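In my numbering, the protein residues as written are 238 to 761.
Read through the structure below, which is laid out as structure tokens, and then see the notes.
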């Protein structure tokens with residue numbers, strides 16, 4: 238299997254078409270045996286990361302041998318080009334040569350330790366428990382062979398891109414395997430792409446206060462690249478409370494070559510904000526939904542609650558206000574939340590929502606389709622916030638003054654099923670949503686679309702009790718006019734109704750006949 242992949246990969250990698258990802262994942266998953274996906278993902282992703290940095294190192298080493306041989310063993314020559322220094326015992330060729338040894342787990346652990354020792358930014362990031370007795374040495378060797386034969390060794394930039402996409406694909410597949418737990422570290426790609434395409438993070442500071450495995454940052458970088466921008470134009474900041482997830486994020490960003498300041502602590506962004514002075518140009522976040530044990534009772538007088546104290550039993554409006562607190566004067570944000578956040582009136586949530594509407598910080602509300610997430614089948618919504626709706630600059634030009642208005646988009650009918658349980662948005666779906674938002678906020682040819690989009694005034698929203706569910710505002714889809722004359726349509730309907738009456742009478746008679754044949758038990 239591995240050798241087949243090796244043959245098909247080279248041509249595909251050069252063309253940018255990674256059609257082998259699913260095949261590769263199936264091959265890797267077969268080696269898992271009885272191991273839980275939640276444990277196995279660290280085994281596989283750690284090895285993919287090791288292969289990546291080793292490939293990058295070898296490509297730079299080959300360049301130095303040709304152009305500046307005396308610098309081959311100079312660690313600074315590598316770091317100057319954002320390449321990790323890889324000690325001899327951690328280089329992939331060494332692991333590959335040792336793949337069949339019974340002590341391969343210890344060899345991998347030593348490689349990880351060696352890399353962390355000479356690369357301070359990776360300290361505490363890499364998995365180092367490959368030597369544990371529960372890990373089968375034969376399985377590890379076969380994994381090394383599989384990853385070795387993929388054929389990643391392209392030009393340095395291409396190798397990074399190919400491996401980054403494989404890492405991202407594997408993250409998504411492991412999230413699916415883990416179900417609800419998978420949703421804790423992975424936001425579906427089509428959801429993230431929708432947010433990124435709408436906000437157009439071209440330059441400035443990007444922040445995610447609950448960044449999971451870093452998908453928001455990866456998609457932001459992809460947006461910049463695909464639209465001809467430069468990666469260095471954005472600065473990436475994040476925080477994550479789960480240490481295991483933080484490690485996945487750090488590896489994900491390193492594979493992508495994304496330089497980021499990602500903080501970790503057990504307390505989380507509410508109770509130990511590691512970036513208190515950050516004011517971001519863009520915030521992209523998918524906080525845990527309806528979290529009840531967020532410790533809100535200890536933060537009743539917190540200065541972040543400008544629009545009202547969030548209830549101790551639900552963190553939704555704490556997240557929204559924490560994010561607003563971290564926005565720059567012209568900053569914008571996209572936040573994924575449970576649908577209940579749009580209409581709940583419990584414990585003062587309705588009053589906070591009202592204050593946010595009246596305070597002109599809500600720019601757009603989107604109702605998303607159900608079954609987009611691995612962790613829940615329920616539909617979710619995306620809140621788009623703006624610190625100052627009278628100001629701001631988009632990708633090309635100044636935004637129009639949007640005070641007193643909110644755009645509502647009902648996207649529940651969009652998307653297509655990719656398997657029995659999960660839906661995805663197509664490129665065309667994402668483009669339709671983003672184009673509608675851009676036309677509205679730029680003032681460039683926007684029109685309401687019945688059943689899909691509506692620009693509502695604050696007065697209209699107040700009449701709806703400050704409920705922000707798009708379905709209340711967008712109305713029904715326009716139905717094409719039926720040009721059949723009314724007498725003909727009425728006659729056709731009457732014929733159908735008479736047929737249905739006859740069928741009803743037939744079924745009623747049949748049921749009575751069957752009931753009459755039922756023998757009642759003695760004594761009943």
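Glycine is no exception: its CB is placed at the ideal position from the N, C-alpha and C atoms.
Please read these numbers as outputs of a predicted model, since none were measured by experiment.
Burial state of residue 515 is buried, judged by a 10 Å Cβ sphere holding 16 or more other Cβ atoms. Closest by C-alpha distance to residue 379, out of 284, 322 and 318, is 284. When C-alpha distances from residue 258 are compared across 425, 408 and 467, the shortest belongs to 408.
Less than 9 Å separates the beta-carbon of residue 660 from that of residue 608. With contacts defined as CB atoms closer than 9 Å, residue 328 and residue 291 qualify as a contacting pair. Classified as buried, residue 629 has 16 or more neighbouring CB atoms from the shown chains inside 10 Å of its CB. Comparing alpha carbon positions, the residue from 474, 456 and 260 closest to residue 446 is 474. Proximity of the segment 680–694 to the segment 736–755 falls short of the contact definition, fewer than three beta-carbon pairs being nearer than 8 Å. At least 9 Å separates the beta-carbon of residue 560 from that of residue 599.
Within its own chain, the residues whose Cβ lies closer than 6 Å to the Cβ of residue 427, once the five positions on either side in sequence are excluded, are 661 and 662, listed in chain order. Residue 547: not part of any beta strand (DSSP E); DSSP gives it neither H nor E.
Collapsing the DSSP output to three states places residue 452 in a helix.
Sixteen is the threshold: since fewer than 16 other Cβ atoms of the shown chains lie within 10 Å of the Cβ of residue 305, the residue is exposed.
Rounded to the nearest angstrom, the gap between the Cα atoms of residue 572 and residue 741 is 51 Å. Looking only at 512, 383, 442 and 487, the smallest Cα-Cα distance to residue 469 is reached by 442. Put simply, the backbone Cα of residue 450 is about 21 Å away from that of residue 319.
The beta carbon of residue 528 sits closer than 6 Å to the beta carbons of 552 from its chain, once the five residues preceding and following it are set aside; these are given in chain order. Membership of residue 486 in any beta strand (DSSP E) is not indicated; the residue belongs instead to the alpha helix (DSSP H) covering 480–493. The DSSP-derived three-state label of residue 424 is coil. Under the DSSP assignment, residue 372 falls outside any beta strand (DSSP E); it carries neither an H nor an E label.
In chain order, 456 and 667 place their CB closer than 6 Å to the CB of residue 430, counting only its own chain and leaving out the 5 sequence neighbours on each side.
With contacts defined by Cβ atoms closer than 9 Å, residue 548 and residue 585 form a contacting pair. Using a C-beta cut-off of 8 Å, the segment 260–269 makes no contact with the segment 349–359, since fewer than three inter-stretch Cβ pairs fall below that distance.
For residue 258, there is no enclosing beta strand (DSSP E); the residue is found in the alpha helix (DSSP H) stretching over 258–267. Taking C-beta atoms under 8 Å as the contact rule, residue 438 and residue 411 fail to qualify, at a distance of about 26 Å. If you draw a straight line from the Cα of residue 463 to the Cα of residue 640, it comes to about 32 Å. For residue 626, the closest alpha carbon among the candidates 638, 618 and 615 is that of 638. Residue burial is scored here from C-beta neighbours: residue 273 has fewer than 16 other C-beta atoms within 10 angstroms and is therefore classed as exposed. A distance below 6 Å between beta-carbons, with the five flanking residues on each side excluded, links residue 654 to the following residues of its chain, in chain order: 660. When secondary structure is reduced to three states using DSSP, residue 702 falls in the coil class, being assigned neither helix nor strand.
In the DSSP annotation of this structure, the continuous segment of the beta strand (DSSP E) that includes residue 573 starts and ends at 564–575.
Nearest to residue 343 by alpha-carbon distance, out of 374, 752 and 406, is 374. The three-state reading of DSSP puts residue 410 in helix, counting H, G and I together.
As computed with DSSP, residue 651 is found in no beta bridge at all. The DSSP assignment places complete beta strand (DSSP E) segments of no fewer than 3 residues inside the segment 603–690 at 617–623 and 642–647, in order along the chain. Taking the Cα of residue 521 as reference, the smallest distance to any Cα among 458, 496 and 751 is reached at 458.
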